[in-house]
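Step one of this worksheet: look at the structure below.
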Amino acid sequence: MTANRPLPLDFQHVSKTFSIEKRTVEALKQLSLTIEENSVTALVGPDGAGKTTLLRLAAGLYLPNTGQIRIFGYDTRQYSDQIHVMIGYMPQRFGLYEDLTVAENLNLYADLHHVSMADRQYRFDDLMVMTGLSAFTDRLAGKLSGGMKQKLGLACTLLSEPRLLLLDEPSVGVDPVSRRELWRIIQHQVKQKGTTVLLSTAYMDEAERCDKVVLVDDGEILAQDTPEHFKAHLSGHCFRLQHTRLTHRQLQSRLHAFEDIIDSIIQGESVRVVCRQTKLPDFPADIAEHLKISPAEAGLEDAFISLLRRRHPTTPQPPLQLNHINSKNHALDVIRVEQVDRWFGQFQAVKKLNFSVKRGEIFGLLGANGAGKTTTFRMLCGLLPVSNGQLSVAGVDLRTAAAKARAKIGYMSQKFSLYANLSVQQNLDFFSSAYGLKNQRRKQRIQWAVEQFDLKKDLNSNSGDLPLGYKQRLAMACALMHEPEILFLDEPTSGVDPLARREFWARTNQLAANGVTVLVTTHFMEEAEYCDRLVIMVQGEVLMTGSPAEIKQQAITAECPEPTMEQAFIHLVEKNQS
Amino acid sequence: MKISRMRLKGLVLKEFLQIWRDPSSLAIAFVLPVFLLLLFGYGVSLDAKHVPIGWVIEKTTPTSSSFMAAFGHSEYFENHQYSNMAEAERAMQYRKINAIIHLRSDFNRQVFKQNSPAIQVIVDGIDANTARLVSGYIQGTWFEWLNHLAIIKGIPLSQTVGIQQRIWYNSQVLSKNFLVPGLIAVIMTLIGALLTAMVMAREWERGTLEAMIATPVNLIEVLLGKLIPYFILGMGGMLLSIGMAVFLFEVPLRGSLWLLLLCGVLFLLVALGMGLLISIVAKNQFVAGQIAIIVTFLPAFILSGFIFDIGSMPEVVQGFTFLIAARYFVAILQTLFLSGDV
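From first to last, the protein sequence lines are chains B and P. Here my numbering is used: position 562 in the first sequence is 650, and no number is missing along the way. Here my numbering is used: position 290 in the second sequence is 298, and no number is missing along the way.
Written out as structure tokens, the structure reads:
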């Protein structure tokens, strides 16, 4: 590469501020970044770090307040027309017209990019084959699955054969199989067409596939390097611990006390820790004696967590004060689902579902969008009647006593159903009264929520203005207001950054340790590791039920001796299809 | 900025496909106008017809019967007779009748002897508009009957002045003749402003505008891509309304059709401009719809002179109506339809 060839992307001291209701928000602060031609760069970082702003600036949708942005040598301030010809930009929701068909969407973008009629046909064919959408050209974009929408969005962006591809969270809410295909397409573009790619992502395994990873936090670049270098910093710092006397949850809560342990997460039956040094801290005898230690490989997420923790030193969370659940009926299965079907007109959303959940278990429902997870959840909460089959929650048949069962259930939905224009205090007041708490008990519970979830300083701010992690905290506090025996969490961590996710799972673990049964849906495969047992659902059917270890076990093959949860999932889905 | 025909064609085609597939925009563009036209053409009538009138006649004479028959023959009234005032008043309280005509026992003498004979008329004034109409009709019929009587009997009625009514422009005094043309302004506001504001807000809401702006498309193309389809749709709405007005409701079109269309084009451009302006402020469909209804649709309905006479509004409100584009268009429409090119 010659020195005088202009870089695909060159940010020099770029600042961007927004004013939102009289407040000025600094989205980017004096940020400088360059990208080499024909490379793939990932932007990672917490929610609200400025990743989307950065991409929009690069696409020329925003102009910087100060500093200079050049795309292939063209300044975005003056040459937006030239730049738009060279780039392809896919926003977070893919920018598709849902009421147009696949072919109509492609034609529209071909018109907008001035693709000549002669070029159009073979490029369409090419892209349709590559994305596997050939059979669906007449289907409305709105009727496609999440993964297909995302591939169509990408196809529309690739029509003009852009030299720089900007993708904003291209794989949020997309199942693992589609994600893998998306990466195949991106890599094909890079190799065959020499495209340069800049994308933002919340998935570490995606960042790991890139040539360079840029960690953005609070409008600044915290670090940028190759994935290998990031991980190399932490090699030898990671261990997997198991204790013969303590459960993995008890062990994890004991480990919080050690300052040298930067991070600890549950992984299957063991606890995975990242240490400040290349050795474990000195444990007291009762821990040390029964400890099984094995070294673990450092991951990209470990590197980011430790970098972010260094920047935002958080006081270790106090363990949740909970009343231990001691229910009179000691039936082992708190939730029992037998042969449950659910039809929506001609469409069967859930087929012959069977599973049961024990008290104090964290039970996961894994699957792509449209697999029937949310439908199952809504049936379990008594929001939706079953078409066929038996369903009992906390020993109550939902068909006969839905209200009675609901009193024992706490529910936190995907979108955190809070009232955005009520303050934190008002939300707490409302939910406590909605659960029928009165007088002294109500006061106590609200105080408990404020203390346990560290909400004191935000009591009077509108809950809509809180960062996502805080919203999630508040939503969980509201769901726990009436001390439910069972907690339903529907995609609780989607879009939430790794730090807030850690905090969330620490709380969930404490709840489970105190006898609360937790049912959780997620499409983050690594989160499946935090569950005791899980079911994998595909198109309304259960493919497998078991512990994370068991599910990974089935996917062991010669070329993949140690499969990740994601690989195990893909393996199962593919086995099912063949 | 150079306009590319290919990009513009793509945008316009896209917009039409979206209109065709989206039931809500089809409803605003086609169903609502037809519904409004039918409602105002058939349902809403500001004319008083078959108004029930209560009669209390203290002494029946041939004269009183002839007077009552004069009302019975008119299509505006329906006669109900009561034996005394108390009964008639009760009927009025139950809203069975809109007015009471009370003929005292000296009615005969009054008519023949007095210079200015009088009868007692009590009108239910709750609905001021109807009350005004009814009292006017009764008075008219009364004078007419007196005239008639004078001619037949050769009695000089020195004090009464004969009125010969001539109503111009809308000789049958049919309210649909001025409601239906005025409605065209409302319908075009609906398509031009409400629909445009909402579809633009939808592009914001769904993030499609973001993807579109990142393509080589330029501002003028985006604007034209929205204006052209809704302009065509708005003109379609206008032609539909004119067609329904002339052929279904038989409203006379006395002025030039071309002049009417030209004025329609001007008004539609104003409405489209307002719609696009609203979409700058409102980036979700709900807010855009609310704003469009409050600042464009309701004024076009209430302050344009479409139903409510501007002349009888308080002066402040009258001054305000000068800001409403629909006011001028309604006046143009009513003039062109009913009185011709002036």
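The beta carbon of each residue, even a glycine, is placed where N, CA and C say it ideally should be. No experiment lies behind these values; they were computed from the predicted model shown.
{"Check": "Going by DSSP, what residue range makes up the alpha helix (DSSP H) through GLN330 of chain B?", "Outcome": "GLN330 of chain B -> not in any alpha helix (DSSP H); beta strand (DSSP E) instead, spanning 326 to 331."}
{"Check": "Using 8 angstroms as the Cβ pair cut-off and three pairs as the minimum, do the segment 484 to 497 of chain B and the segment 437 to 452 of chain B touch?", "Outcome": "no"}
{"Check": "In whole angstroms, what is the alpha-carbon distance linking VAL425 of chain B and ILE195 of chain P?", "Outcome": "55 angstroms"}
{"Check": "Counting only runs that start and end within the segment 608 to 635 of chain B, where is the beta strand (DSSP E) found for 3 or more residues in a row?", "Outcome": "621 to 626, 629 to 634"}
{"Check": "Does the beta carbon of ARG181 of chain B come closer than 8 angstroms to any beta carbon on chain P?", "Outcome": "yes"}
{"Check": "Quick check: the segment 317 to 326 of chain P against the segment 234 to 253 of chain P, are at least 3 beta-carbon pairs closer than 8 angstroms?", "Outcome": "no"}
{"Check": "Between the beta-carbon of PHE465 of chain B and the beta-carbon of THR596 of chain B, is there less than 8 angstroms?", "Outcome": "no"}
{"Check": "In the DSSP assignment, the alpha helix (DSSP H) including GLY281 of chain P goes from what residue to what residue?", "Outcome": "265 to 289"}
{"Check": "What residues in its chain sit with their C-beta under 6 angstroms from that of MET206 of chain P, if we drop five residues either side in the sequence?", "Outcome": "GLN293, ALA296, GLY297"}
{"Check": "Considering only residues of the same chain and omitting the five flanking positions on each side of SER107 of chain B, which have a CB-CB separation below 7 angstroms?", "Outcome": "none"}
{"Check": "Classify HIS201 of chain B as helix, strand or coil using the three-state DSSP reduction.", "Outcome": "coil"}
{"Check": "Which residues share a DSSP beta bridge with LEU441 of chain B?", "Outcome": "B:VAL428"}
{"Check": "Sort B:LEU310, B:GLY448, B:HIS172, B:SER511 by Cα distance to ALA563 of chain B and report the nearest one.", "Outcome": "B:SER511"}
{"Check": "To the nearest angstrom, report how far apart LEU270 of chain B and VAL254 of chain P are at their CA atoms.", "Outcome": "59 angstroms"}
{"Check": "Given PHE316 of chain P, which residues of its chain have a CB within under 8 angstroms of its CB, disregarding the five upstream and five downstream residues?", "Outcome": "ILE310"}
{"Check": "Determine the contact status of GLU617 of chain B and MET653 of chain B, defining contact as a CB-CB distance below 8 angstroms.", "Outcome": "yes"}
{"Check": "Beta-carbon of MET221 of chain P versus every beta-carbon of chain B: anything under 8 angstroms?", "Outcome": "The amino acid occupying residue 221 of chain P in the given sequence is Ile; Met does not appear at that position. Judged by the 8 angstroms Cβ criterion, ILE221 of chain P is in contact with chain B."}
{"Check": "In the segment 24 to 37 of chain P, which residues sit with their C-beta less than 8 angstroms from some C-beta in chain B, listed in chain order?", "Outcome": "LEU25, GLN26, ARG29, ASP30"}
{"Check": "At a CB-CB cut-off below 8 angstroms, which residues of chain P make contact with ILE175 of chain B?", "Outcome": "ALA222"}
{"Check": "For the segment 191 to 209 of chain B, list every residue whose C-beta sits within 8 angstroms of some C-beta in chain P, in sequence order.", "Outcome": "GLU192, ASN195, LEU196, TYR197, ALA198, ASP199, LEU200, HIS201, HIS202"}
{"Check": "Between the Cα of VAL289 of chain P and the Cα atoms of P:VAL303, P:LEU276, P:LEU248, P:VAL278, which residue gives the shortest distance?", "Outcome": "P:VAL303"}
{"Check": "State the CB to CB distance for the pair ASN349 of chain P and LEU267 of chain P, rounded to an integer number of angstroms; the pair is presumed to be in contact (CB under 8 angstroms).", "Outcome": "Checking the sequence shown, residue 349 of chain P turns out to be Asp, not Asn. Confirmed, Cβ separation roughly 6 angstroms."}
{"Check": "Helix, strand or coil, according to DSSP, for ALA126 of chain P in the structure here?", "Outcome": "coil"}
{"Check": "Could you compute how far the alpha carbon of ILE624 of chain B sits from the alpha carbon of ASP374 of chain B?", "Outcome": "37 angstroms"}
{"Check": "I need the straight-line Cα distance from ASN185 of chain P to HIS58 of chain P, nearest angstrom please.", "Outcome": "20 angstroms"}
{"Check": "Could you name each continuous alpha helix (DSSP H) segment of 4 residues or more that falls completely within the segment 99 to 141 of chain B, going from the start of the chain to the end?", "Outcome": "none"}
{"Check": "If distances are taken between C-alpha atoms only, which option among B:GLY324, B:LYS300, B:GLU308 comes closest to THR314 of chain B?", "Outcome": "B:LYS300"}
{"Check": "Short of 6 angstroms in beta carbon distance, which residues of its chain neighbour THR459 of chain B, apart from the five on each side in sequence? Order them along the chain.", "Outcome": "Checking the sequence, you will find Ala at residue 459 of chain B rather than Thr. Hits under 6 angstroms: MET625, VAL626."}
{"Check": "Check the Cβ of GLU186 of chain B against every Cβ in chain P and list those closer than 9 angstroms, keeping chain order.", "Outcome": "ARG214, THR216"}
{"Check": "Count the other C-beta atoms from every protein chain shown that fall within 10 angstroms of the C-beta of PHE435 of chain B, then say buried if there are 16 or more, exposed otherwise.", "Outcome": "exposed"}
{"Check": "Check for me: the beta strand (DSSP E) holding ARG360 of chain B runs from which residue to which?", "Outcome": "358 to 363"}
{"Check": "Go through its chain and collect everything with a Cβ distance to LYS492 of chain B's Cβ below 8 angstroms, but skip five positions before and after it.", "Outcome": "VAL484"}
{"Check": "Nearest to LEU45 of chain P by alpha carbon, out of P:LEU306, P:LEU256, P:LEU285?", "Outcome": "P:LEU256"}
{"Check": "Find the nearest neighbour of TYR185 of chain B within the set P:SER74, P:LEU19, P:GLY251, P:LYS10, judged by alpha-carbon distance.", "Outcome": "P:LEU19"}
{"Check": "Reducing DSSP to helix, strand and coil, say where ALA334 of chain P ends up.", "Outcome": "helix"}
{"Check": "Thinking C-alpha only, which one of B:GLY448, B:GLU316, B:GLN330 is nearest ASP390 of chain B?", "Outcome": "B:GLU316"}
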